[in-house]
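Note sheet for the following structure.
Chains as they are written, first to last, in our numbering: chain W, 1 to 281; chain P, 1001 to 1289.
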């Protein structure tokens, strides 16, 4: 028995265990610091006025982000309406119907699209919608956000559908039903939890996107005025207020950041809870 | 319950005697016809030839057992009969398969309609887990829009579950998930699901290999009842089961180039007691496989 070698291996084991635990701990600490800092700073500035009042003109104190909060929700809904059909159908195509060569090409393009910087997507939307329409608009913001959502939706939908065992598909086909009905009636219900999770993750992703909105939504302190008019959004307003010289606005930016983090954190927690329930079934 | 168990065990022990159960067929022999005829059936996975020149005639309202060593292409063969083989990646078929005289691989033939006439039950019971027992049985009808009223569905469910000898056990549990039943019950649910679309032929790919002996015997009883009305083709690697249940048996074997061929086909009693081919005899007596 090589005593020396055994002692060295034990020591190496301990060191590596310690290093990896520290790394994990470091990650958790950093996340906790960020969240804690925002929560502590933002909590003191959140109040009912903030949630329900529109923004006040420059120089006046008080006011809130009412229309920006509403604007964020409107943009999420609009972007989802555009992105859900395209993203989910692409996922279904990749998993169920694609011939291998075309499918791998689409997958490759989706992965590239997922990696495009969001500011570039914003510039693109500016070029194709804002310029021709001669106006910043809600619709161009929704399009930009939808472009960001689509690859996320397609990939998570595809992965969820792949997890449905092939025996399900064969059992459905053996009953003498068409391919499409088999997918809609049997495969998709089997993957529904994963698909819903993917949708919520995509929503969480775009809820905090700011750069595309700079080029497309502009911001609007007077509420929703139509698809072709500018619209306010929470991340946009946080950015503007945080960069401003007014303390009151900076406080409101903290509150906005707090709200945004809460929103995204909430979505992520719900997603994990749903996924946990599914695993226990 | 205990008497049932004793009878069941006795059946198992006696099972090796050929056709010790008297199979009363209400259909006289003269009415049977060749319902499925394969002519030079070849099947590939990609470039690998899996079945070579299978020529087989299956008669209606009989139970035909496909037996042979592992990997000889038994499952592939029956998947060719309901056009499920072409759904597998790289699956390709050549030759003709006649259902009631018409080639199911002919030009313009819709595989979906073929699969409605030739149903299939798989090795591992696979009820749809997201659906209740009721919805599982009616899945084939609902998803092809072959129904119009709720009471029609209820009729179909009761009829199919009775035919599958499952009605009494699940009639109070129709709204429970299909996956909440035991293994044997799940397999009978899959059989009921296949029966609900009223096929002519039912293919069974080792339907009992994932089940315990008691459930196996229940399904074998069920098979004999079903054969009064339907044609059954079962794949089994359990020779005792083939001997117990089937009227005709087809023995497939792998040749040196790994393609499966039909070695012998005939009435089960004759195949097992007096096989014509030496390879059949070797397999039956356990010299290989």
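Quick reminder that beta carbons are idealized off the backbone N, C-alpha and C, glycines included.
Handout entry: Neighbour list for residue 1084 of chain P in chain W, Cβ cutoff strictly below 9 Å
Key = 170, 173, 174
Exercise for the section: At 8 Å on the CB atoms, spell out the chain P contacts of residue 181 of chain W, in chain order. Expected result: 1143, 1144
Problem - Buried or exposed by the 16-neighbour rule on C-beta atoms within 10 Å, applied to residue 1030 of chain P - result: Here residue 1030 of chain P scores only 49 on pLDDT, less than 50, and its place in the model is too uncertain to base an answer on.
Handout entry: Opposing strand residues paired with residue 179 of chain W [DSSP bridges]
Key = Partner(s): none; residue 179 of chain W has no beta bridge.
Exercise for the section: Sort out for me which residues DSSP pairs residue 1153 of chain P with in a bridge. Expected result: Note: residue 1153 of chain P sits in no beta bridge, so no partner.
Problem - Rounded C-alpha distance that separates residue 185 of chain W from residue 1130 of chain P - result: 10 Å
Problem - Interfacial residues, the region 119 to 139 of chain W to chain P, with Cβ spacing under 8 Å - result: none
Exercise for the section: Compare the Cα-Cα distances from residue 1193 of chain P to each of P/1156, P/1220, P/1173 and report the closest residue. Expected result: P/1156
Practice task
Within the region 104 to 175 of chain W, note down every full alpha helix (DSSP H) run reaching 4 residues or more, in order along the chain.
Solution key: 118 to 125, 138 to 163, 166 to 173
Problem - residue 1268 of chain P versus residue 1216 of chain P: straight-line alpha-carbon distance, rounded - result: 20 Å
Exercise for the section: Please report how far the alpha carbon of residue 1263 of chain P lies from the alpha carbon of residue 1273 of chain P, in whole angstroms. Expected result: 16 Å
Practice task
Report the three-state DSSP secondary structure of residue 235 of chain W (helix, strand or coil).
Solution key: helix
Problem - residue 207 of chain W - containing beta strand (DSSP E), residue span - result: Element bounds for residue 207 of chain W: not the beta strand (DSSP E) but the alpha helix (DSSP H), 188 to 207.
Practice task
Along the alpha helix (DSSP H) that carries residue 1253 of chain P, what are the first and last residues, could you check?
Solution key: Run containing residue 1253 of chain P: none in the alpha helix (DSSP H); it sits in the beta strand (DSSP E), 1248 to 1254.
Practice task
Output the residue ranges of the alpha helix (DSSP H) runs that lie fully inside the region 15 to 39 of chain W and measure 4 residues or longer, sorted by chain position.
Solution key: none
Practice task
Enumerate in chain order the residues of its own chain whose CB-to-CB distance from residue 1060 of chain P is below 6 Å, with the five nearest sequence positions on each side excluded.
Solution key: 1032, 1033, 1035, 1231
Handout entry: chain P contacts from the region 194 to 212 of chain W (Cβ-Cβ distance under 9 Å)
Key = none
Problem - Cross-strand partners of residue 1235 of chain P (DSSP beta bridge) - result: P/1066, P/1205
Practice task
Using only alpha-carbon positions, find the residue among W/246, W/236, W/268, W/269 that is nearest to residue 69 of chain W.
Solution key: W/236
Problem - Supposed contact pair residue 274 of chain W and residue 205 of chain W - C-beta distance, whole angstroms, cut 8 Å - result: With 8 Å as the limit, residue 205 of chain W and residue 274 of chain W do not qualify as a contact, their Cβ atoms being about 17 Å apart.
Exercise for the section: Starting from residue 1054 of chain P, trace the beta strand (DSSP E) both ways and give me its first and last residue. Expected result: 1048 to 1059
Handout entry: residue 255 of chain W vs residue 45 of chain W beta-carbon contact at 8 Å
Key = yes
Problem - Three CB pairs or more closer than 8 Å across the region 121 to 131 of chain W and the region 219 to 236 of chain W - result: no
Exercise for the section: Let me know the secondary structure DSSP gives residue 1159 of chain P once reduced to three states. Expected result: helix
Practice task
Let me know the secondary structure DSSP gives residue 54 of chain W once reduced to three states.
Solution key: coil
Problem - Own chain partners of residue 1026 of chain P with C-beta closer than 8 Å, once the 5 adjacent residues on each side are dropped - result: Confidence is the limiting factor: at residue 1026 of chain P the pLDDT is only 48, short of 50, which leaves the residue's position unreliable, though a coordinate-based value still follows. Cβ within range, chain order: 1228.
Problem - Expected contact under 8 Å - CB spacing of residue 1219 of chain P and residue 1208 of chain P to nearest Å - result: 5 Å
Problem - Nearest residue (CA-CA) to residue 251 of chain W, options W/260, W/182, W/41 - result: W/41
Practice task
Measuring only between beta-carbons, confirm whether residue 1115 of chain P sits less than 8 Å from chain C.
Solution key: The structure shown has no chain C; the protein chains it does contain are W and P.
Problem - Interface residues of chain W facing residue 1120 of chain P [CB-CB closer than 7 Å] - result: 174
Handout entry: Selection of the region 1185 to 1214 of chain P by Cβ proximity to chain W, strictly under 9 Å
Key = 1190, 1193, 1194, 1196, 1197, 1199, 1203
Problem - For residue 218 of chain W and residue 248 of chain W, the rounded distance between their alpha carbons - result: 21 Å
Practice task
At 9 Å on the CB atoms, spell out the chain W contacts of residue 1126 of chain P, in chain order.
Solution key: 165, 167, 168, 170, 171
Practice task
State yes or no: is the C-beta of residue 182 of chain W within less than 8 Å of the C-beta of residue 264 of chain W?
Solution key: no
Practice task
Can you grab the Cα-Cα spacing for the pair residue 240 of chain W / residue 211 of chain W, in whole Å?
Solution key: 12 Å
Problem - Residue environment, residue 1082 of chain P, which counts as buried when at least 16 other CB atoms sit within 10 Å - result: buried
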